[in-house]
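J.: Heads up: the sequence shown begins at 9 in this note's numbering, then just goes up one per residue. We treat Cβ as the ideally placed atom computed from N, Cα and C, and that holds for glycine. Got a structure here, written out as structure tokens. Questions coming.
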Amino acid sequence: MDKYIYDESNGLWYELQGDYYIPCLISPTEKEHKPISLWGQRHKRYLQEHKRAVYITFLTSGKLNCYLTDIDEQATEMIFRLVEQMADKEGVTEQLKVEKPMLWVGRMNEIQTRAREIVYADIIYKQKYNI
């Protein structure tokens with residue numbers, strides 16, 4: 009048996025899975041697959057576990073990948089901006105990095121942790137959905 013067959017009556021391709029042919033259905037927007045990194049993956053997991061209906065709606069409408077890419081970009085920009093602003097405000101500079109590297113590392117780790125918590129609260133776990 010062929011792995012794929014084409015049905016001219018309805019214009020669909022079918023893929024052999026086990027003993028059955030299953031239609032190959034791909035939404036046109038899903039074809040444009042952009043990579044989703046850390047923040048998009050975390051928001052996706054949150055939607056799957058806590059906002060199942062929203063997740064299914066995005067998935068079936070073909071907008072999930074674009075939505076998660078947008079969330080990922082927003083979160084990445086926000087975390088870089090917050091770390092830079094907090095470091096400036098608290099006096100964590102390149103001068104400190106040269107003079108006391110271990111102090112600089114400790115303070116930067118604290119700043120990054122606080123920035124991540126803000127991103128979690130404002131973007132990952134609290135979002136308005138425009139489906």
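Three or more C-beta pairs closer than 8 Å, one from the segment 118–128 and one from the segment 90–103: is that the case here?
T.: Touching, per the Cβ criterion.
J.: Can you grab the Cα-Cα spacing for the pair residue 144 / residue 52, in whole Å?
T.: Residue 144 falls outside the range modelled here, since the chain spans only 9 to 139, and no answer is possible.
J.: Buried or exposed, going by whether 16 or more other CB atoms sit within 10 Å of the CB of residue 47?
T.: The count along the sequence shown starts at 1 and reaches residue 47 at position 39. Buried is the call here.
J.: Hey, quick one: how far does the alpha helix (DSSP H) through residue 24 stretch, first residue to last?
T.: Here the question's residue 24 lines up with position 16 in the sequence shown. No alpha helix (DSSP H) holds residue 24; the beta strand (DSSP E) holding it covers 20–25.
J.: How far does the alpha helix (DSSP H) with residue 31 in it extend, from its first residue to its last?
T.: Walking along the sequence shown from the start, residue 31 turns up at place 23. Careful: residue 31 lies outside any alpha helix (DSSP H), inside the beta strand (DSSP E) at 28–31.
J.: Ordered along the chain, which non-local residues of its own chain (more than five positions away) have a Cβ less than 6 Å from that of residue 37?
T.: The sequence position of residue 37 within the sequence shown is 29, counting from 1. In this prediction, residue 37 has a pLDDT of 49, which is less than 50 and means its spatial position is unreliable; what the coordinates show is noted afterwards. Counting only Cβ-Cβ distances below 6 Å, and skipping sequence neighbours, we find 70.
J.: Please return the same chain residues whose Cβ sits closer than 7 Å to the Cβ of residue 82, not counting the five positions on each side in sequence.
T.: Here the question's residue 82 lines up with position 74 in the sequence shown. Closer than 7 Å at Cβ, skipping near neighbours: 131.
J.: Do residue 127 and residue 90 have their C-beta atoms closer together than 9 Å?
T.: For the purposes of this step, residue 127 is taken as the residue at position 119 of the sequence shown. For the purposes of this step, residue 90 is taken as the residue at position 82 of the sequence shown. Yes.
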